[in-house]
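Order-wise, the sequence lines are chains V and C. Residue numbers for the first sequence follow this note's numbering, beginning at 181 and rising by one. Residue numbers for the second sequence follow this note's numbering, beginning at 135 and rising by one. C-beta: ideal position from N, C-alpha, C; glycine also. In this text, all values refer to a predicted model and were calculated from it rather than measured experimentally.
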Amino acid sequence: MAKTIAEINEKIKQGKVVVATADEMVAIVKDKGAKQAAEDIDVVTTGTFGPMCSSSMYVNVGHTKPKIKIGGGEATLNDVPVHTGLAAVDVYLGCTQLPADDPRNKVHPGEFKYGGGHVIEDFVAGKDIKLSAKAYGTDCYPARELETTINIKDVNEAVLFNPRNCYQNYNVAVNLSGKIIYTYLGMLKPGLGNANYCSAGQLSPLLNDPLYKTIGIGTRIFLGGGVGYVTWQGTQHNPGVKRNENGVPMAPAGTLAVIGDLKQMSKKYLMGVSFQGYGSSLNVGIGIPIPVLDEEIAKFTGVSDAEITAPIVDYSEAYPQGIAENLGSVSYAELRSGKIKIQDKQVPTASLSSYPKAVEIANTLRDWIKAGKFSLSEPVANLPGPDSGYTFGPLKTK
Amino acid sequence: MASKKAVLRFPEKLIDQPIISRLVREHNLEFNILRASITALDEGLMVLELKGDQAECSKGLEFLKQLGVEVRPLDEVILRDEDRCTSCGVCHTVCPAGALVLNRETGATDFKQEECIGCELCIPACPPRAMLTRFNCK
């Protein structure tokens, strides 16, 4: 019998809710079947923790005396430039932003030791952050310079806003060339020396709701250790890719834009990272609850690593040149075994996203729900689905 | 039979002397040079694995110290910041020595210090920069 989100929330309130992580759900569905699992389990919690480059924060730092209009001027946080194209004291910082004097890849591969992601981590950790600003001065905002420190506990708003997180599936990166390459999927050794991947697989939020039946705009989520919401489909959302018989996309597909109060979050789940030769980014921890409304959703959440496949892509040529071809596909079960076979060669594998942290997030969210601290929200609108015609196209340069 | 891995730093005045040769001859030790370089400060730096009688290993390291060589056990030099390691596993294919490996039971990345050869490839390859060197090895 189908359940509703309202009924599940009532069970949460009464302390009667039954929650399983997406990891646990694999065995539950296998042992009991989807029908029974749908009756027994109310919520499945998912989790993922990995580098997500479209992550950012905006901060309202508060007004100084005399006032300054940083908007339209220039500003940095810990020497990392922030976007100032907003109102007087709203600043915006993306995790890939670098200090002006960072050497980047001048000596290849660059180290990218400190960028926007690290500022976000330090800020959420409660450290004082140096704010420097220059303004042109107006009648109502006469100050032209500002040099101070800000702290997350004192600013008016600190909001994590990520235009693209939670990729539903991802490429496995390899290198067919004869030299080492440095990518956002790590260092890739020449001649298929290693294969790097980045997905929580059977624990990953959108792989447990492949057709976006429950996750939509307004869905309440675990974000960076606090509570956040899905605000929109993420950029590059591409629901129309090829799917297997269970609806699971066989290539990077859906994405989510998410938002949440940074003041509630923790550096445990927001970690600045440096990709040698590539740049800085932010490791983001996200967990999404999936209400098991019916047998179909139970079946979806029972998906296992063996049933999810990812395309193997050459990052020395096909990826940078935008050539849509791959070297076949491989399951996450194979990837997690530590070795896969490509073109008759045994290739060692490594992951960019942390499975142990994903498990920790799914467990934490399960505990929150069981303790009645987190209830489920009805999406206010659905994400564009596989048949919507919504797609991800290239830029045609003119 | 004991095995010890150490990071040795040779001051400029010792660079032209056959110290390792004397170490091996006088203490009957086997050695394996894991790394050797001359640094910008005109110092010599070597990561050395010594194998032999336990007492002779200790005496050999003492002999080096008396000559003015700075000796640090390798497991005090390459360290992991446990708060920053997320066990993502990207180091598994970077480490050539099998010191950073997947623990199949827990899913975590184990750091087996006894396997580490001090190459430092993991340090820039780790995205959260969890791997550290405490003794400027460059």
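Supposed contact pair residue j and residue i - C-beta distance, whole angstroms, cut 8 Å
{"i": "Phe455 (chain V)", "j": "Phe292 (chain V)", "result": "7 Å"}
{"i": "Asn342 (chain V)", "j": "Ser236 (chain V)", "result": "6 Å"}
{"i": "Ile250 (chain V)", "j": "Val269 (chain V)", "result": "6 Å"}
{"i": "Gly427 (chain V)", "j": "Lys537 (chain V)", "result": "The pair is not a contact, with the Cβ atoms about 27 Å apart (cut-off 8 Å)."}
{"i": "Lys447 (chain V)", "j": "Ala338 (chain V)", "result": "Contact doesn't hold; Cβ gap of about 13 Å is too wide."}
{"i": "Pro419 (chain V)", "j": "Pro566 (chain V)", "result": "5 Å"}
{"i": "Val354 (chain V)", "j": "Ala375 (chain V)", "result": "5 Å"}
{"i": "Ile522 (chain V)", "j": "Leu372 (chain V)", "result": "6 Å"}
{"i": "Ala233 (chain C)", "j": "Phe245 (chain C)", "result": "6 Å"}
{"i": "Val205 (chain C)", "j": "Leu142 (chain C)", "result": "6 Å"}
{"i": "Leu255 (chain C)", "j": "Leu213 (chain C)", "result": "With 8 Å as the limit, Leu255 (chain C) and Leu213 (chain C) do not qualify as a contact, their Cβ atoms being about 15 Å apart."}
Residue span of the alpha helix (DSSP H) that contains residue i, given as start and end
{"i": "Arg546 (chain V)", "result": "535–550"}
{"i": "Pro258 (chain C)", "result": "256–259"}
{"i": "Gly297 (chain V)", "result": "296–304"}
{"i": "Arg238 (chain C)", "result": "Counting along the chain, Arg238 (chain C) falls outside any alpha helix (DSSP H), and DSSP gives it neither H nor E."}
{"i": "Val223 (chain V)", "result": "Careful: Val223 (chain V) lies outside any alpha helix (DSSP H), inside the beta strand (DSSP E) at 223–225."}
{"i": "Arg159 (chain C)", "result": "153–161"}
{"i": "Met205 (chain V)", "result": "202–212"}
Contact under 8 Å by Cβ, residue i with residue j
{"i": "Gly252 (chain V)", "j": "Gln277 (chain V)", "result": "no"}
{"i": "Leu462 (chain V)", "j": "Val472 (chain V)", "result": "no"}
{"i": "Ile149 (chain C)", "j": "Gly194 (chain C)", "result": "no"}
{"i": "Ile208 (chain V)", "j": "Ala202 (chain V)", "result": "no"}
{"i": "Ile488 (chain V)", "j": "Gly381 (chain V)", "result": "yes"}
{"i": "Ala200 (chain V)", "j": "Lys479 (chain V)", "result": "no"}
{"i": "Asp259 (chain V)", "j": "Pro279 (chain V)", "result": "yes"}
{"i": "Ser234 (chain V)", "j": "Asn349 (chain V)", "result": "no"}
{"i": "Thr415 (chain V)", "j": "Val438 (chain V)", "result": "no"}
{"i": "Cys229 (chain C)", "j": "Cys260 (chain C)", "result": "no"}
{"i": "Gly440 (chain V)", "j": "Val407 (chain V)", "result": "yes"}
{"i": "Phe165 (chain C)", "j": "Ile153 (chain C)", "result": "no"}
{"i": "Arg516 (chain V)", "j": "Asp485 (chain V)", "result": "yes"}
{"i": "Gly306 (chain V)", "j": "Ile332 (chain V)", "result": "yes"}
{"i": "Arg169 (chain C)", "j": "Gly252 (chain C)", "result": "yes"}
{"i": "Leu266 (chain V)", "j": "Ile309 (chain V)", "result": "no"}
Contacts around residue i, its chain only, beta-carbon distance under 7 Å, and the 5 residues preceding and following it disregarded
{"i": "Ile468 (chain V)", "result": "Thr226, Pro385, Ile395, Thr399, Ile401"}
{"i": "Glu514 (chain V)", "result": "Ile520"}
{"i": "Glu190 (chain C)", "result": "His161, Asn162, Leu163"}
{"i": "Tyr579 (chain V)", "result": "Given a span of 181 to 578 for chain V in the structure shown, any question on residue 579 (chain V) remains unanswerable."}
{"i": "Val197 (chain V)", "result": "Ile188, Lys191, Asp222, Val223, Ile549, Lys550"}
{"i": "Pro145 (chain C)", "result": "Glu177, Gly202"}
{"i": "Pro370 (chain V)", "result": "Asn355, Ser357, Gly358, Lys359, Ile360"}
{"i": "Asn562 (chain V)", "result": "Tyr392, Gly396"}
{"i": "Pro564 (chain V)", "result": "Gln413, His417, Pro419, Tyr570"}
{"i": "Lys193 (chain V)", "result": "Gly552"}
Proximal residues to residue i (C-beta, below 6 Å), its chain only, five neighbours per side dropped
{"i": "Tyr347 (chain V)", "result": "Pro432, Thr435"}
{"i": "Lys272 (chain C)", "result": "With a pLDDT of 44 at Lys272 (chain C), under the threshold of 50, the modelled position of that residue is not reliable, and no figure is offered here."}
{"i": "Ser221 (chain C)", "result": "Ala242, Thr243"}
{"i": "Cys219 (chain C)", "result": "Ala264"}
Residue i CB to nearest heavy atom of the ligand NAP below 7 Å
{"i": "Ser517 (chain V)", "result": "Annotation note on the ligand NAP: not contained in the displayed structure, which lists no ligands."}
Cβ neighbours of residue i in the same chain (closer than 8 Å, five flanking residues each side left out)
{"i": "Leu365 (chain V)", "result": "Asn351, Ala353, Asn376, Tyr377, Cys378, Tyr495, Leu532"}
{"i": "Lys212 (chain V)", "result": "Asp220"}
{"i": "Gly482 (chain V)", "result": "Met205, Val206, Ile208, Val209, Lys210, Ala214, Ala217"}
{"i": "Thr318 (chain V)", "result": "Lys249"}
{"i": "Glu249 (chain C)", "result": "Ala231, Gly232, Ala233"}
Extent of the continuous beta strand (DSSP E) run through residue i
{"i": "Met451 (chain V)", "result": "450–455"}
{"i": "Asn189 (chain V)", "result": "Where Asn189 (chain V) is concerned, there is no enclosing beta strand (DSSP E), although the alpha helix (DSSP H) it sits in stretches over 185–194."}
{"i": "Met232 (chain V)", "result": "That residue, Met232 (chain V), is in no beta strand (DSSP E); it is neither H nor E in DSSP."}
{"i": "Glu254 (chain V)", "result": "254–257"}
{"i": "Ile466 (chain V)", "result": "459–467"}
{"i": "Lys139 (chain C)", "result": "136–144"}
{"i": "Gly440 (chain V)", "result": "436–441"}
{"i": "Phe165 (chain C)", "result": "164–172"}
{"i": "Met265 (chain C)", "result": "265–267"}
{"i": "Pro261 (chain V)", "result": "260–262"}
{"i": "Asp270 (chain V)", "result": "270–274"}
Which runs of the beta strand (DSSP E) spanning at least 3 residues fall entirely within the segment 313–355 of chain V, listed in chain order?
If we require 3 residues or more, the beta strand (DSSP E) runs fully inside the segment 313–355 of chain V come out as 325–330, 337–345, 352–354.
Run through the segment 174–216 of chain C for me and flag every whole beta strand (DSSP E) of 3 or more residues, listed as ranges in chain order.
Runs of the beta strand (DSSP E) inside the segment 174–216 of chain C: 178–186, 204–207, 212–214.
Within the segment 470–547 of chain V, ranges of the alpha helix (DSSP H) (whole runs, at least 4 residues):
For secondary structure counted as the alpha helix (DSSP H) over 4 or more consecutive residues, the segment 470–547 of chain V holds these complete runs in sequence order: 475–481, 498–501, 512–516.
Ordered list of beta strand (DSSP E) runs contained in the segment 346–410 of chain V, each at least 3 residues
Whole beta strand (DSSP E) segments, 3+ residues: 352–354, 361–363, 366–368, 375–377, 400–403.
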